[in-house]
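Visitor: Take this structure first; my questions come after.
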Amino acid sequence: MTGRAVVIGAGIGGMLAAAALAPAVGDVVVVEPDALADGPHQRKGLPQGQHAHLLMAGGLDAMRSLLPGLDVRRYLLDAGAVEVSLASGLLARTPDGWFSRFRHDSHHLLTCTRALLDWAVRAAVLSRLSNVKIVQGKALGLVGTAQRVQGVRVATDAGEDLLRADLVVDAGGRGSRIVHWLADLGIDGIQEKVVDTGLTNATRIYRRPAVVTDWPLTLLQADPYRGEPGRSGMILPIEPDDGGERWMVSLAGTKGGEPPADPAGFLAYTFDALADPVIGELISHAEPLTDVVRTRGRMTRNVRRYFEQSAKWPEGLAVVGDALATFNPAYGQGMSVAAQQAVTLRDAFDRADVTTPGLARGIQRAVAEHVDGPWTTAVSQDVLYPFVTGAAPTVADRVAARYARRVAATATVSYPVARALWDVTGLRAGPARLMSPGTLLKVLLGPPAPLNTEIPLKPRERRTHRELRCVLQE
Ligand SMILES: Cc1cc2nc3c(=O)[nH]c(=O)nc-3n(C[C@H](O)[C@H](O)[C@H](O)COP(=O)(O)OP(=O)(O)OC[C@H]3O[C@@H](n4cnc5c(N)ncnc54)[C@H](O)[C@@H]3O)c2cc1C
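For what it's worth, this note's numbering labels the leading residue of the sequence shown as 66, then goes sequentially.
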């Protein structure tokens with residue numbers, strides 16, 4: 066193995082890209098401005114890490130494939146992550162009713178703080194792949210020409226440095242300057258699409274109340290069908306700390322329905338703005354461990370850059386993760402898409418090496434394909450909210466939305482349809498899975514049982530819930 070790859074950014078996308086490249090090149094240098102602690106600590110370069118992050122099954126599958134020999138699921142569970150079965154371990158209220166608690170232990174996702182996930186993935190990559198190293202520094206621009214990128218200019222404590230590379234992978238996240246860096250090389254006119262609902266997330270971590278021994282991930286979904294701002298809320302079990310079990314509570318509202326940042330307003334939103342009071346009833350009794358943190362600026366926009374359509378593309382450059390496309394976080398897709406792109410990056414070296422002409426162009430086209438499905442999932446719903454910018458619903462969107470609503474409503478009481486839906490939302494299948502003949506027929510026939518209007522609690526949860534409501538009424 067010869068050649069060197071430089072990866073910009075040591076987030077999930079960057080570290081998994083490094084894992085993908087390690088078997089194919091002599092050494093992989095990851096450039097990251099943050100000083101990276103050996104532990105699960107929130108850091109400046111990942112402001113989104115203060116908010117809820119779900120790792121979908123498709124993302125976990127990709128991580129497994131990139132870290133052979135490591136049982137990634139077990140490793141993350143041992144680190145403190147919590148596994149949730151969508152079929153039985155989820156309390157989810159859709160616009161048309163609650164999901165049943167099916168008698169199946171299937172379709173899992175992992176929850177934990179983003180800080181834990183980031184640190185665990187970074188530690189796994191660095192400990193298993195000896196030719197990957199991280200250099201502290203900030204990428205300033207590309208070195209090379211419109212025909213070939215040859216390295217990265219980096220600002221370090223010691224001054225400006227030049228890191229030569231046969232392949233540069235930009236995984237610098239949503240703030241990446243790659244479009245400007247390409248323009249500096251003479252490649253401009255990269256098309257960009259932005260669809261923005263003006264979503265704001267407000268998040269606070271709580272100690273789980275002592276009276277609650279166990280509580281499922283609780284999700285009150287936004288309703289895109291009423292022509293009003295979307296308002297949603299979630300209680301997410303995350304890794305415990307020394308004091309015990311913790312919940313991350315995340316509220317979200319599209320423009321006109323934003324959750325407030327003050328503690329009293331945060332709590333009031335759970336009662337006044339959400340479709341069910343259960344989140345408020347639970348957190349009224351929970352000790353807050355942090356302030357309320359809100360997303361700022363344009364963090365939650367859907368942004369897609371069409372690098373793969375550029376007339377010119379240099380050898381030696383690929384763009385992945387949020388630097389390529391970001392999605393409204395309500396759909397929990399970004400990390401899993403970045404992981405799947407890393408698998409594609411690895412596979413590109415099956416019949417090529419870093420010197421193969423056209424390799425970078427081929428990689429860029431292939432990684433962009435992972436954007437299509439998640440982009441459709443996010444944007445086809447987002448266009449329905451009022452005040453959305455960047456797109457307006459077409460007739461086709463409205464037809465698709467009616468079908469999507471019928472899928473979700475049927476899924477709440479039909480396990481086969483729920484499986485199809487979770488395959489898509491879990492990024493194990495593209496949206497076409499919802500149009501397979503079997504699913505299509507079941508959806509057209511409609512819900513096979515009455516929709517669930519009552520929250521589907523198990524007996525012990527019901528007792529806890531009743532107890533908490535009594536205390537609240539006193
Ligand atoms: C509120 C919110 C909630 C979300 N929830 C979910 C969820 O539930 N599930 C999910 O899958 N996704 C979620 N996402 C999306 C997820 O955070 C991103 O998709 C994911 O982090 C993308 O990984 P990345 O490696 O491309 O970028 P990032 O994780 O953002 O990493 C970028 C890295 O690049 C570094 N960097 C920046 N500039 C430079 C530079 N000039 N030189 C070198 N390094 C640089 C940064 O310090 C950082 O370490 C959420 C996003 C938001 C905003």
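Glycine residues also receive a C-beta, built at the ideal position from the N, C-alpha and C atoms.
Bear in mind the structure is a predicted one, so any value in this text is a computation, not a measurement.
What is the rounded straight-line gap between the Cα of Arg-463 and the Cα of Ala-469?
Guide: If you number the sequence shown from 1, residue 463 lands on position 398. If you number the sequence shown from 1, residue 469 lands on position 404. The alpha-carbon atoms of Arg-463 and Ala-469 are separated by roughly 10 Å.
Visitor: Taking all protein chains shown into account, decide if Phe-164 is buried (16 or more other Cβ within 10 angstroms of its Cβ) or exposed.
Guide: Here residue 164 refers to the residue found at position 99 of the sequence shown. Label assigned to Phe-164: buried.
Visitor: Rounded to the nearest angstrom, how far is the Cβ of Met-121 from that of Leu-492, given a contact under 8 Å?
Guide: Looking up residue 121 in the sequence shown gives position 56. Looking up residue 492 in the sequence shown gives position 427. Indeed they touch by this definition, with Cβ atoms about 5 Å apart.
Visitor: By a C-beta neighbour count over all protein chains shown, 10 Å radius and 16 as the cutoff for buried, is Lys-507 buried or exposed?
Guide: Position 442 of the sequence shown, counting from 1, holds the residue named residue 507. Burial call: buried.
Visitor: Can you tell me which of the three DSSP states Met-500 falls into?
Guide: Position 435 of the sequence shown, counted from the first residue, corresponds to residue 500. In the structure shown, Met-500 sits in a helix (DSSP, three-state: H, G or I).
Visitor: Can you tell me which residues form a DSSP beta bridge with Thr-213?
Guide: The residue given as residue 213 occupies position 148 in the sequence shown. With the sequence shown as reference, residue 213 is identified as Arg, and Thr is not the correct amino acid for it. Arg-213 pairs with Glu-380.
Visitor: Assuming the contact rule is C-beta atoms closer than 8 Å, Gln-405 and Gly-386 should be a hit. Round their C-beta distance to whole Å, please.
Guide: Mapped onto the sequence shown, residue 405 falls at position 340. Mapped onto the sequence shown, residue 386 falls at position 321. In fact, because the Cβ distance is near 10 Å, the residues do not count as touching under 8 Å.
Visitor: Please state if the CB of Leu-282 and the CB of Val-31 are separated by a distance shorter than 8 Å.
Guide: One cannot answer for residue 31 here, as it falls past the ends of the chain, which runs 66 to 539.
Visitor: Could you name each continuous beta strand (DSSP E) segment of 3 residues or more that falls completely within the region 248-284, going from the start of the chain to the end?
Guide: DSSP runs (the beta strand (DSSP E)) wholly in the region 248-284: 257-260, 265-272.
Visitor: If I follow the unbroken alpha helix (DSSP H) through Ala-333, where does it start and stop?
Guide: Within the sequence shown, numbered from 1, the residue matching residue 333 stands at position 268. Start and end: 328-337.
Visitor: Whose C-alpha, out of Ala-152, Asp-126, Gly-68, is nearest the C-alpha of Tyr-480?
Guide: In the sequence shown, the residue the question calls residue 480 occupies position 415. Tyr-480 has its Cα closest to that of Ala-152, out of Ala-152, Asp-126, Gly-68.
Visitor: Among Arg-471, Pro-328, Asp-143, Leu-533, which has the Cα closest to the Cα of Leu-510?
Guide: Here the question's residue 510 lines up with position 445 in the sequence shown. With distances taken between Cα atoms, Leu-510 lies closest to Arg-471.
Visitor: May I ask whether a heavy atom of ligand 1 can be found less than 7 Å away from the beta carbon of Gln-113?
Guide: Locating residue 113 in the sequence shown gives position 48, counting from the first residue. Answer for Gln-113: yes, Cβ within range of ligand 1.
Visitor: By DSSP, does Gly-224 sit in helix, in strand, or in coil?
Guide: To locate residue 224, count along the sequence shown from 1; it is residue 159. If DSSP states are grouped into helix, strand and coil, Gly-224 belongs with the strands.
Visitor: With DSSP collapsed to three states, give me the class of Ile-300.
Guide: Translated into the one-based positions of the sequence shown, residue 300 becomes position 235. Ile-300: strand per DSSP, three-state reduction.
Visitor: Given 7 Å as the limit, tell me if Lys-203 has its C-beta closer than that to any heavy atom belonging to ligand 1.
Guide: For the purposes of this step, residue 203 is taken as residue 138 along the sequence shown, with counting starting at 1. Flag set: Cβ of Lys-203 near ligand 1.
Visitor: Specify the secondary structure class of Thr-529 as computed by DSSP and reduced to three states.
Guide: Locating residue 529 in the sequence shown gives position 464, counting from the first residue. In the structure shown, Thr-529 sits in a helix (DSSP, three-state: H, G or I).
Visitor: Over what stretch of residues does the beta strand (DSSP E) that includes His-173 continue unbroken?
Guide: As a working mapping, residue 173 is identified with position 108 in the sequence shown. Its beta strand (DSSP E) spans residues 173-176.
Visitor: Would you give the residue range spanned by the alpha helix (DSSP H) that Met-625 belongs to?
Guide: Outside the displayed range of the chain (66 to 539) lies residue 625, so it cannot be described from this structure.
Visitor: Tell me the DSSP secondary structure of Ser-315 in three-state form.
Guide: As a first step, residue 315 is located in the sequence shown; it is residue number 250 there, counting from the start. Of the three classes helix, strand and coil, the one that applies to Ser-315 here is strand, per DSSP.
Visitor: Is the beta carbon of Ile-520 sitting closer than 8 Å to the one on Val-276?
Guide: In the sequence shown, counting from the first residue as 1, residue 520 sits at position 455. In the sequence shown, counting from the first residue as 1, residue 276 sits at position 211. No.
Visitor: Does the Cβ of Asp-387 lie closer than 7 Å to at least one heavy atom of ligand 1?
Guide: Residue mapping note: residue 387 aligns to position 322 of the sequence shown, counting from 1. Indeed, a heavy atom of ligand 1 lies less than 7 Å from the Cβ.
Visitor: Would you say the beta carbon of Ala-75 comes nearer than 7 Å to a heavy atom of ligand 1?
Guide: Residue 75 sits at position 10 when you count from the first residue of the sequence shown. It does: the Cβ of Ala-75 is within 7 Å (strictly closer) of some heavy atom of ligand 1.
Visitor: Note down the Cα distance separating Asp-306 from Gln-429, rounded to an integer number of angstroms.
Guide: Here residue 306 corresponds to residue number 241 of the sequence shown, with the count starting at 1. Here residue 429 corresponds to residue number 364 of the sequence shown, with the count starting at 1. Their backbone Cα atoms lie some 41 Å apart in a straight line.
Visitor: Could you tell me which residues DSSP puts in a beta bridge with Trp-487?
Guide: Mapped onto the sequence shown, residue 487 falls at position 422. Per DSSP, none; premise fails for Trp-487.
Visitor: Between the alpha carbons of Asp-415 and Val-489, how many angstroms are there, rounded?
Guide: The residue labelled residue 415 in the question sits at position 350 within the sequence shown. The residue labelled residue 489 in the question sits at position 424 within the sequence shown. Distance between the alpha carbons of Asp-415 and Val-489 is about 28 Å.
Visitor: Taking 8 Å as the cut-off, decide whether the C-beta atoms of Arg-179 and Leu-111 are in contact.
Guide: Sequence index remark: in the sequence shown, residue 179 carries index 114 (1-based). Sequence index remark: in the sequence shown, residue 111 carries index 46 (1-based). Closer than 8 Å, so yes.
Visitor: Is the beta carbon of Asn-517 within less than 7 Å of some heavy atom of ligand 1?
Guide: Working through the sequence shown from its first residue, we reach residue 517 at position 452. No, Cβ of Asn-517 sits at least 7 Å from all heavy atoms of ligand 1.
Visitor: Just to confirm, is the Cβ distance from Leu-354 to Ile-270 under 8 Å?
Guide: The count along the sequence shown starts at 1 and reaches residue 354 at position 289. The count along the sequence shown starts at 1 and reaches residue 270 at position 205. Yes, the pair counts as a contact, with Cβ atoms nearer than the cut-off.
Visitor: Just mark Phe-452 as buried or exposed, buried being the case when its beta carbon has 16 or more other beta carbons within 10 Å.
Guide: Numbered from its first residue, the sequence shown carries residue 452 at position 387. Exposed, since its Cβ has fewer than 16 Cβ neighbours within 10 Å.
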